[in-house]
Every structure is written in structure tokens, then in C-alpha cells.
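Just below is one structure, and these are the notes that go with it.
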Amino acid sequence: MGANLGGHTGRQQITLQPRSKAVDKKPYSHKKPNSKSVGFYNEDELADTKEGVNPNTKSNDPGWSDSSSKGFPDANSNKIRAHKRRRVTLNVSGFRYQTYVETLDKFPTTLLGDPAKRREYFDPDLNEYFFDRNKQVFEIILYFYQSNGRLVCPPDLAPEILLEEVEFFDLGETAINAVKELLTDEEPDETPRDMPTNKIQTQFWNLFEYADSSKAARVIALFSVSIIVASIAVLCVETLPNFAILPIHDPNNTEEVRRVNKHNEGAILARRWFGYLEAAFIAWFTLEYLVRFLSSPKKCPFVRSFLNVIDILAIVPFYIDLILNSVQSNDGTLSLAFLRILRLVRVFRIFKLSRHSSGLQILGLTLRKSLRELGLLIFFLFIGVVIFSSMAYYAEAGTKDTHLGRSIPDTFWWALVTMTTVGYGDLVPKTLWGKLVGSCCALCGVLAIALPVPVIVSNFDAIYKKHRSRKIKSGCDDEEGRKISIMVSSCSTSSNDEGVESPSLYHGGFQRPYEKPNEKRNGDLRLNCEENTPEKRNPDNSESKPLLSENPDQLEMAPLNNTKKNEEKENTELSRQTSV
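Each residue of the sequence shown is one higher than the last, beginning at 1 in full-length UniProt numbering.
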């Protein structure tokens, strides 16, 4: 069985070729079908049917001909054809599916393809096979049989869940290994936590690195977030005009000198307090970084980490500023420019919030996973800017009172602003041809930006769902996990590659009368399987006889008809009670 991973966007596809089951040439069997095996035939009968022998027909029966090319009895050929097209009912967590036995026989070594393996899941009361498994993944498993070995993993399904179901239904080592390859291609859900060997280091490492380790760690994380927000607020407030040092333009004007000096005294005092606050913030950032560095289990990976590099960029400019202020530089211009760059780097401390925000981490992973799409977007914009700036230049050449006709590089800004639909209005075309070029530029810009956006949104959605599923699995979001409800799909039929009808989806395989109308549901994902056990269906422990039918087409539909009669009976009793 060969495996093939498809390259479809947003989903992985594994194709396995079915392996034909070798059928032994067995002698003619006079054995009649076993009445206890309701819903399936034993191996001898299946083998006889595949060899073209009617298991219920003797050689001296009427209609039997030894000279028949296929070995079928002439009078019962329709019955044998019905046997081969016999349908089987599969109940998966309350959802009933129907398919043909020959569809399952395509992979005879699997759980559903081997009658002996699936026999233990057979329910003789309902004449169906019951599996308490994932309903969504079972549709993928059933499509595996219908499509001759194509195993498709949707983008919103975790490969770990698919791997569990593939192993349960025993689809083979090739399918299991192919799904495991998807796990290796996926980014790890959560990197294992490396812990220090020293006990004291472990305590400090958990205290400052993992906010979910204890209440004290959560308090420290909350305090750190407050310090980060306060430092950013101080960085923005100190640039207000009220705290700026004003120069004296006219020294002879006493009123102006008095007013400016009074303003500067307040500004100098405020700047001094801003400096104290900045020193306190940097002291906390430095202490936090040193404690985490000294308690980290691996020093080199710790220093190279992106978040720790952000911490360094938030700390170092303060100490460099102190050094430059203490050591007067001869080149004042270079020192001032360098200080401005250092103060600009202080803005990067806002990224320290990503350590305590899962949303920012998801956004960062999305951007990193969408680098190819972002590069493609920039490339499209670059091509459009070059083309439309050239067209606008030649359309506006020789026109007065316009800046678009000066040169092509001068028109780059207009083309970029137009393609991004910003439209500042500082540069506008004057001629008719220039306006037509501007209209085309705006339309092409919308298309160029909109094309890669769905891929980026899809990446964000996949990463977010994986993050939510991991938190629900770990028990962090139990309250939100209880709000998830079952989505029942509508009945639909389709055809596979060989023209075999897809199984019908029956709503609520466990009948709705078991649900109380006024019962408050908590949205649990699991159906109440205990209410449909044979003991619950038959409380007086009376032996229930399986429904038998001579017609193989009616073998699987008889229980469904019985269920329908039970529903009609219950509705009649309910209406009688209502009338009373």
C-alpha cells in the first residue's frame, strides 16, 4: 500500500491503494446462513458469494446449471446480486451511516473490512454496528473506504485526533505512518519545559517564567505587566509640550523671560520625576532579566530567544544614556543623534507584553507562518507601483500645477498611497488620462491586497484553533469547553469515484425520546450512551429476538422500520394523554 500526500491548500491528503484479499478456492458448501449472525455473513458464505456460488442452492436444485459460465443459478441471479450489494448500518456515537459491504471489503485487513474484527461491535437488537468514536473523524474514515484509500485531514482537525481514529480502525501501518508525518510537519503544540536541576533555581524559574505555576507567579506576572504599561505611558507623556523646555526668543522682554522660566521650572521638575520613574522601571526589568538568566537551565538558548532580546533592547538604552551623560562627548551632534536612536529603541519594550499575552503570541506565529504570503503581497505592490507611476508620469508630463510629471521616482509615493487606498490627497492627477490611470491603480491595489489576505486569515484561524484545543485539553478552559455543542449535519448523498453512493446520515441514532424536553443541557460533547444500552431498552430483561428477513435488502432496514413504529406508538400515546 503506497501513501501519497496531496498538496492541497489547507488540508492534507493521504492516498492508499487497496490491497485485494486472496480468496481460497473452497469446495461447494451446503451450509445455510447462520441465523445468529444478523447483519453479516460468516467467512465461508462471503467466500462462496465472491466465487459466484449461491450458499443456499444445492447442485440438484431447480435452476442450477453446471455449464453456467459464472456459476450463478439462473433463477436466483437477482438475489445473488442483491447479496453482493447488501448494505450495512454503522452507528457512530448516535449518528447512523449506511454503506455497501463491498465498499468495506476494499480493505479486508482493516477493522471495518474484516467481518471477524467488526463482529464484536455488532448490536443484534438494532441490527447495526455501534462505535463510540468521534463522529467527525469517522466521516473521514468512511471516505477512506469510498475513495479507495484517500485519507484527507481538514485544516481544523488536529492530526493527533485523526491518528487515534486511524489506529483504532486499523487502517494499516502505511496510513498510520503517513498521519505521523503530518505530526512532524506541524509545529509542536507546546515545547517541553526545560527545568533546572537545582531546587532553588527551579523555584525562581517557575516564579518568573511560568505564570501558571503558582499564585505567586501570577502576582509577579501581573506586576510585570503593570510596570510595562506604566513605562510605555511615561514614554509617551514626557513628549507632551507641557513638559518641553522652551527657549527664550527675546531676552529683553521681561514678561516672556518670566513666563518661560516659570514654565521651564515645572518642566524640569516633571522631567526629573520621569527620570526617577524610568530608573525604577529599568531596575525592575534588570532584576527580572538577571533572575531569569541565572535560574535558566540553558543559558545560550535563553540569550538568543526573541523575547529575551526584546528585554535587552528595553534595558540597554538606559545605561548607555547614563554613560553618555556622564562622559561628555566632543561631537555633540553625533551624541544627540545616537541618543535619539536609543530613546526610539525604548519603544520596543511594548513587545514585552507578548510574554504574558497568548493573543500576541498567536499573531506573531501567524506572521511568521505567513512570511511567504506577505512577501508575495509586497512583490505585487512593488510591481504595481512601478507600472502605475510610469503610466502617471507620461500621462501628466507637460501639465502645469502637478507634481506627477516631474519624474517617475517622485510618482512612487502617489502610486503607493493610491494602491493601498489611503489617498492623502497631497498628489493628484490633473488630466483625464491621469485620472484613468489613478482609477486603475486603485482597483489593482485592492485586488493585490485582497488576494493573500484569505491565506493569512486561514493561518491565523488554524493556529488559534490549535491553541484553544490545547488549552481545553489541558483543562485551562473548562468553562468555555462546556459551551461547545453538537452540530448536526444535514442529510446528503454523494457518489465516490466508483459510482457507489455515500452513506446516508441519520439524525440522532439514539432516539430523541430519551431526551427530556425541559431538561437543561450543559452542552456536553458526549451523548448519553447509557440510556440506549440493552438494559435500558429492555428493563424487564426479557429476551429480545433479532429481526430476521429472507430478503437481504431488508436485513438492515428492518430495525429502522421498527424504530419508526416505536416513534409512531409513542406519539400516539402522547396525544392520548394530552387529550385526557
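All residues carry an ideal CB built from backbone N, CA and C; glycine is no exception.
Residue closest to A415, alpha-carbon to alpha-carbon, out of E256, T399 and F380: In the sequence shown, counting from the first residue as 1, residue 415 sits at position 415. Comparing Cα positions, the closest option is F380.
Residue nearest to V457 in terms of C-alpha spacing, selected from Y97, E102, D156 and Q98: By one-based count along the sequence shown, residue 457 stands at place 457. Ranking Y97, E102, D156 and Q98 by Cα distance to V457 puts D156 first.
Ranges of the alpha helix (DSSP H) found wholly within the segment 208 to 280, counting only runs of at least 4: 215 to 237
In DSSP terms, what E128 is bridged to: On the sequence shown, residue 128 is found 128 positions in, with the first residue counted as 1. Per DSSP, D123.
Close beta carbons around T431, own chain, < 7 Å, minus the five adjacent residues each side: Along the sequence shown, one-based indexing puts residue 431 at 431. So the qualifying residues of the chain are A395, E396 and T399.
Cross-strand partners of R87 (DSSP beta bridge): The residue labelled residue 87 in the question sits at position 87 within the sequence shown. Note: R87 sits in a beta bridge opposite Y100.
Extent of the continuous alpha helix (DSSP H) run through T418: Stepping through the sequence shown from its first residue, residue 418 is reached at position 418. Note, T418: alpha helix (DSSP H), I408 to M419.
Residue environment, I268, which counts as buried when at least 16 other CB atoms sit within 10 Å: By 1-based counting over the sequence shown, the position of residue 268 is 268. Exposed, because fewer than 16 other Cβ atoms sit within 10 Å of the Cβ of I268.
Where E543 sits in the DSSP three-state scheme: By one-based count along the sequence shown, residue 543 stands at place 543. Note on E543: pLDDT 41, under 50, position unreliable in the model; no value is reported.
Where the alpha helix (DSSP H) through D321 begins and ends: Working through the sequence shown from its first residue, we reach residue 321 at position 321. Note, D321: alpha helix (DSSP H), F306 to S326.
Per-residue burial, E238 [other beta carbons within 10 Å of its own, 16 or more giving buried]: Sequence index remark: in the sequence shown, residue 238 carries index 238 (1-based). The residue is buried, with at least 16 neighbouring Cβ atoms inside 10 Å.
Beta-carbon proximity list for N351, same chain, < 6 Å, skipping 5 on both sides: In the sequence shown, residue 351 corresponds to position 351, counting from 1. The sequence given here has Phe at residue 351, not Asn. So the qualifying residues of the chain are I310.
Boundaries of the alpha helix (DSSP H) in which F138 is found, first to last residue: Translated into the one-based positions of the sequence shown, residue 138 becomes position 138. From DSSP, the alpha helix (DSSP H) with F138 extends over K135 to Q146.
Euclidean distance between Cα positions of T421 and Q361: In the sequence shown, counting from the first residue as 1, residue 421 sits at position 421. In the sequence shown, counting from the first residue as 1, residue 361 sits at position 361. When rounded, the distance between both Cα atoms is 29 Å.
Cβ neighbour criterion (16 or more within 10 Å) applied to I282: In the sequence shown, the residue the question calls residue 282 occupies position 282. By the 10 Å Cβ count, I282 comes out buried.
For V234 and F274, the rounded distance between their alpha carbons: Here residue 274 corresponds to residue number 274 of the sequence shown, with the count starting at 1. Here residue 234 corresponds to residue number 234 of the sequence shown, with the count starting at 1. Each residue's Cα considered, the two are about 7 Å apart.
Exposure of A392, with buried meaning 16 or more beta-carbon neighbours within 10 Å: Translated into positions along the sequence shown, residue 392 becomes position 392. Under this definition A392 is a buried residue.
For L277 and H263, believed in contact at Cβ under 8 Å, the rounded distance: The count along the sequence shown starts at 1 and reaches residue 263 at position 263. The count along the sequence shown starts at 1 and reaches residue 277 at position 277. Wrong, their Cβ atoms sit about 21 Å apart, outside the cutoff.
Identified DSSP bridge partners for F95: Looking up residue 95 in the sequence shown gives position 95. For F95, which the question treats as bridged, DSSP gives the partners V92.
For Y319, the nearest candidate out of L377, A280 and T254 (CA to CA): Taking the sequence shown and counting its residues from 1, one reaches residue 319 at position 319. It is A280 whose Cα lies nearest to the Cα of Y319.
Exposure of P454, with buried meaning 16 or more beta-carbon neighbours within 10 Å: Stepping through the sequence shown from its first residue, residue 454 is reached at position 454. P454 is exposed by the Cβ-count criterion.
Three-state secondary structure (DSSP) of E450: Here the question's residue 450 lines up with position 450 in the sequence shown. For the record, residue 450 in the displayed sequence is Ala; it is not Glu. Three-state result, A450: helix.
Same chain, Cβ closer than 7 Å to R343, five either side skipped, listed in chain order: Residue 343 sits at position 343 when you count from the first residue of the sequence shown. The answer, listed in chain order, is P317.
Option nearest D123 by Cα separation, candidates P154, Q146, T174 and T89: What you label residue 123 is simply residue 123 of the sequence shown in a count that begins at 1. Minimum Cα distance to D123 is reached at T89.
CB contact flag (Y145, L104, <7 Å): As a first step, residue 145 must be located in the sequence shown, where it is residue number 145. As a first step, residue 104 must be located in the sequence shown, where it is residue number 104. In contact: Y145 and L104 (Cβ atoms closer than 7 Å).
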